[in-house]
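All letters in the sequence shown, in the order written, are residues 11 to 143 by the numbering used here.
To start, the structure itself, in C-alpha cells.
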Amino acid sequence: MNQHEMRRIALQALYLANQEPELNYNDIVGRTTKALDLKAFPELSGSLLKGILEQKPELDEEIGNYLKSGWRIERLAQIDRAILELGLYEIKNSDQIDPVAALDEALNLGEEFSSEKSKAFINGVLGNFIEEK
11 MNQHEMRRIA LQALYLANQE PELNYNDIVG RTTKALDLKA FPELSGSLLK GILEQKPELD
71 EEIGNYLKSG WRIERLAQID RAILELGLYE IKNSDQIDPV AALDEALNLG EEFSSEKSKA
131 FINGVLGNFI EEK
C-alpha cells in the first residue's frame, strides 16, 4: 500500500469522525477498518488521524480564517472539510512530505472525492498556508 492510499484511508476515517464527533479514535479506526475491509489500519493513516483529531480545534480555526466573510467551517461540505484538515495538518506538521507535496496530495484527494470546484477551493485555502511557511 502506498502513501497516497494510506492518506485516502485517513481521509475516510476523518470524514467519519466529522460525521460522528462523539466517536473516539479507536471507534473510528475500528469502523473504518471494517467498512473498507482492511486487515489492519495502516500506521501512516493512524498517525495522521490521531494528529488531526488532537489538533482539530486549531486546524478548524486556521481554516476558518481563510473562508469568505460570512462562511463558517461548519457550512463546508464534510469531505472538503476533511481534505482541508488533512492537508493543513500535513503542511504544518509532517516531516515525511514537504508542504507543496502535501498540497498536491490534498488536491488529488479532492479530485477523487469531491468536485472540480471544490478542488479549486481547496487549492485556494491551503495555498495560503504554504505562502506563510
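Ideal Cβ positions, reconstructed from N, Cα and C, are used throughout, including at glycine.
Keep in mind it's a predicted model, so treat the numbers as computed, not measured.
| query | result |
| --- | --- |
| Cβ pair count under 8 Å reaching 3, the region 87-95 against the region 111-126 | yes |
| Through-space distance from residue 68 to residue 102, alpha-carbon basis | 11 Å |
| Counted within 10 angstroms of its Cβ, other Cβ atoms place residue 127 as buried (16 or more) or exposed | exposed |
| Sub-8 Å separation of residue 136 and residue 94 beta-carbons | yes |
| Distance between residue 110 and residue 125 (C-alpha atoms, nearest Å) | 21 Å |
| Where residue 106 falls: helix, strand or coil (DSSP) | coil |
| Boundaries (first-last residue) of the alpha helix (DSSP H) holding residue 57 | 53-74 |
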